[in-house]
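Reading through the structure tokens given below for one structure.
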């Protein structure tokens, strides 16, 4: 008599601080080496489907709403009338999905370097990829750095929805890139970027803020709590040609928009800019405006 | 010729959602079975010394400041003149350390059920246990539930610095306990309790808030970001006989106190009560006052 046996499958994200996060999974749905990185989608026991680039968790169905609410709605409710939005990266589609909920947005251009990320998300994570065929979306598979260097278009809001500052995203943590971002923004333009964590990645966070400080008249940083990023407390940087994310935020626009959110609301918009003291101490020299 | 070899040691905290957090460690410093739980202290590679009860991370030297700032200073800067403070639990000493920094506090009574937690912290984590011999501290090794049922003392602030609602802390998540808390508070009294996480533990969070809603005229909940608790976003509940943690908060008292903090500040005090939308939806029926 034999019993059927099963094996326990896990994915594990290991961090330089001798720390790792481990997820029990049911099955591997996608696993391909692209030109840039290893792209995989797994179905987890507790977090729904999960996208990983080079073994780092990018998105899970359970908590992707946090990241995508916070990268999109903070700048789009700060800018009084965002019409043209550019997303650099964001291949899973979640950021585009949230941007396109804003009726003022006429076109959203999304420049993702890695077609495998888009393919994996289209095939297995409709929750984030569901708006990739929206007629207002212009999806380009292209290097975002190259695109910005060569475009004549101007954008009201640019969202840098990137991975961490190694691998294919390395050139996105560079002052030349942010000079091109500045030049591609309209007069009231705003750029929001994936801004790392002050707990575990404060050097990367500070080097990005330093670049913004040298390039933009207004620089700020705001926090959100992600379930599946190490340490939980992660940040977006905010830089603009003049608009302040708190002083120029008009909460009535949320009410008038009729949009409902899972993470974002008017109180979260303001409170996200209130920084714990250790983080204030770490970043204060880079903030301005 | 032989080479010396080493083994990699880890502690791993496994969560019901098929998720675990794993820490590389250098050595085990303390490992004893008490009457209530297994108590251990390990020296980690990336987080300093770490205290675990029954394998759950309680405190690490790297981020204990977050929890201890937020359990102590939010109520102690809301109450206009806290003189007598009671801590239930808190055996590592970090909460007492922060309470005793307030000059208004004449006596701090700390009732910890498990002497092994105190012993382990005294022996190996002076960073948290450093004020356990402070003359203003009255440390009792006793069941906090029993203590509150039998005491005639009144406290301005009670801090329930407990582990999760299983094991020795189970009776602390009970309405009878909170009736005794109410009766042991002065007229302006406040109770703040370890309030679980809305990401992973929303049932426990809601059952605690329900108890408070049935017992106190003012009930609220506030968030903090802990590096080493699952999901990062964790909460404290706030209940009082009348004081509001935002409306009655006088930020000038922080300035006058001359105290400096690593996590807490006036903006964090207010913004901690701004809840993400999914959490507002989850807890709103229990909040009042």
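Residue numbers (the numbering used here), protein chains in the order written: chain A, 121 to 409; chain B, 121 to 409.
All C-beta atoms, glycine included, are put in the ideal place defined by N, C-alpha and C.
Every unbroken alpha helix (DSSP H) within the stretch 299-385 of chain A, with a cutoff of 4 residues, ordered by chain: Entirely contained in the stretch 299-385 of chain A, the alpha helix (DSSP H) runs reaching 4 residues are, in chain order, 322-335 and 372-377.
Would the stretch 171-182 of chain B and the stretch 359-366 of chain B be scored as touching if the rule is three or more Cβ pairs under 8 Å? No: the two stretches stay apart, fewer than three of their Cβ pairs being nearer than 8 Å.
Members of the stretch 376-389 of chain A near chain B, C-beta cut-off 7 Å: Taken in chain order, the members of the stretch 376-389 of chain A whose beta-carbon sits within less than 7 Å of a beta-carbon on chain B are 381, 382, 383, 384, 385, 387 and 388.
Please check if any C-beta of chain B sits within less than 7 Å of the C-beta of residue 140 of chain A. For the purposes of this step, residue 140 of chain A is taken as the residue at position 20 of the first chain. It does: the Cβ of residue 140 of chain A has a partner Cβ on chain B nearer than 7 Å.
Given that a residue counts as buried once 16 or more other Cβ atoms are within 10 Å of its Cβ, and exposed if not, what is residue 257 of chain A? By one-based count along the first chain, residue 257 of chain A stands at place 137. So residue 257 of chain A ends up on the buried side.
Mapping the DSSP letters down to three states, classify residue 161 of chain A as helix, strand or coil. Numbered from 1 along the first chain, position 41 holds the residue referred to as residue 161 of chain A. For residue 161 of chain A, the secondary structure class from DSSP, reduced to helix, strand or coil, is strand.
Anything in chain A within Cβ reach of residue 147 of chain B, meaning under 9 Å, just list it in chain order. Along the second chain, one-based indexing puts residue 147 of chain B at 27. Result: empty, since nearest Cβ-Cβ is about 13 Å, beyond 9 Å.
If the cut-off is 8 Å on Cβ atoms, which residues from the stretch 323-345 of chain A count as contacting chain B, listed in chain order? From the stretch 323-345 of chain A, only 343 and 345 have a Cβ closer than 8 Å to chain B.
Whether residue 312 of chain B touches residue 358 of chain B by CB criterion (7 Å): Looking up residue 312 of chain B in the second chain gives position 192. Looking up residue 358 of chain B in the second chain gives position 238. Taking 7 Å as the Cβ cut-off, residue 312 of chain B and residue 358 of chain B qualify as a contacting pair.
Could you name the residues of the same chain whose beta carbon sits closer than 7 Å to that of residue 122 of chain B, not counting the 5 residues immediately before and after it, in chain order? In the second chain, the residue the question calls residue 122 of chain B occupies position 2. Low confidence applies here, because residue 122 of chain B scores a pLDDT of 48, under 50, leaving its location unreliable; read the following figure in that light. Hits under 7 Å: none found.
Give me the residue from B/137, B/139 and B/146 with the minimum Cα distance to residue 130 of chain B. As a working mapping, residue 130 of chain B is identified with position 10 in the second chain. The residue with the shortest Cα to Cα distance from residue 130 of chain B is B/146.
If the cut is a Cβ gap below 8 Å, which residues of chain B does residue 306 of chain A touch? Here residue 306 of chain A is taken as the residue at index 186 of the first chain, counted from 1. Residues of chain B passing the Cβ test: none, with the nearest at roughly 30 Å.
Along the chain, where does the beta strand (DSSP E) that runs through residue 152 of chain A open and close? Here residue 152 of chain A corresponds to residue number 32 of the first chain, with the count starting at 1. Residues 139-153.
Close-in-space but distant-in-sequence residues of the same chain around residue 206 of chain B (CB under 6 Å, 5 per side omitted): Reading the second chain from its first residue, position 86 is the one you call residue 206 of chain B. Once the five neighbours on either side are set aside, the close Cβ partners of residue 206 of chain B are 229, 275 and 278.
Residues near residue 109 of chain A by beta carbon distance below 7 Å, same chain, minus five either side: Residue 109 of chain A is absent from the model: chain A starts at 121 and stops at 409.
Measure the alpha-carbon distance for residue 264 of chain B versus residue 375 of chain B and round it to whole angstroms. Sequence index remark: in the second chain, residue 264 of chain B carries index 144 (1-based). Sequence index remark: in the second chain, residue 375 of chain B carries index 255 (1-based). Roughly 34 Å between the two C-alpha positions.
Along the chain, where does the beta strand (DSSP E) containing residue 135 of chain A start, and where does it finish? Here the question's residue 135 of chain A lines up with position 15 in the first chain. Counted as a single uninterrupted DSSP element, the beta strand (DSSP E) harbouring residue 135 of chain A occupies residues 129-135.
With a threshold of 7 Å on Cβ separation, who are the neighbours of residue 373 of chain B within its own chain once the five nearest residues in sequence on each side are excluded? Along the second chain, read from residue 1 onward, the residue named residue 373 of chain B stands at position 253. Correct list, in chain order: 197.
Short Cβ contact (7 Å threshold) for residue 342 of chain A with residue 393 of chain A: Translated into the one-based positions of the first chain, residue 342 of chain A becomes position 222. Translated into the one-based positions of the first chain, residue 393 of chain A becomes position 273. Yes.
Which first and last residues belong to the alpha helix (DSSP H) in which residue 235 of chain B is found? As a first step, residue 235 of chain B must be located in the second chain, where it is residue number 115. 235-244 is the span of the alpha helix (DSSP H), which, as asked, contains residue 235 of chain B.
Cut-off 7 Å between Cβ atoms - residues of its own chain near residue 248 of chain B, not counting five sequence neighbours on either side: Residue numbering aside, residue 248 of chain B sits at position 128 when the second chain is read from its first letter. Answer for residue 248 of chain B: 179, 184, 212, 213, 214, 217 and 241, listed in chain order.
What would DSSP say about residue 264 of chain A, mapped onto helix, strand or coil? Taking the first chain and counting its residues from 1, the one referred to as residue 264 of chain A is at position 144. In this structure, residue 264 of chain A counts as helix in the three-state DSSP scheme.
Leaving out five residues before and five after residue 195 of chain B in sequence, what residues of the same chain have Cβ atoms less than 6 Å from its Cβ? Within the second chain, the letter at position 75 stands for residue 195 of chain B. 277, 310 and 312.
Option nearest residue 288 of chain B by Cα separation, candidates B/138, B/128 and B/155: As a first step, residue 288 of chain B must be located in the second chain, where it is residue number 168. Checked all of B/138, B/128 and B/155; the closest Cα to residue 288 of chain B is B/155.
What does residue 396 of chain B touch in chain A if you count any residue whose Cβ is under 7 Å from its own? Position 276 of the second chain holds residue 396 of chain B. What residue 396 of chain B touches in chain A: 383 and 388.
Using a C-beta to C-beta distance shorter than 8 Å, which residues of chain B count as neighbours of residue 165 of chain A? Within the first chain, the letter at position 45 stands for residue 165 of chain A. Within chain B, the residues 137 and 138 have their CB atoms less than 8 Å from the CB of residue 165 of chain A, given in chain order.
Contacting residues, own chain, Cβ-Cβ under 6 Å from residue 181 of chain B (five flanking each side not counted): Your numbering for residue 181 of chain B matches position 61 in the second chain. Beyond the five residues adjoining it in sequence on each side, residue 181 of chain B comes within less than 6 Å, by CB distance, of 168, 169 and 247 in the same chain, given in chain order.
On the DSSP letters alone, give me the boundaries of the alpha helix (DSSP H) that residue 196 of chain B sits inside. Here the question's residue 196 of chain B lines up with position 76 in the second chain. Its alpha helix (DSSP H) spans residues 184-196.
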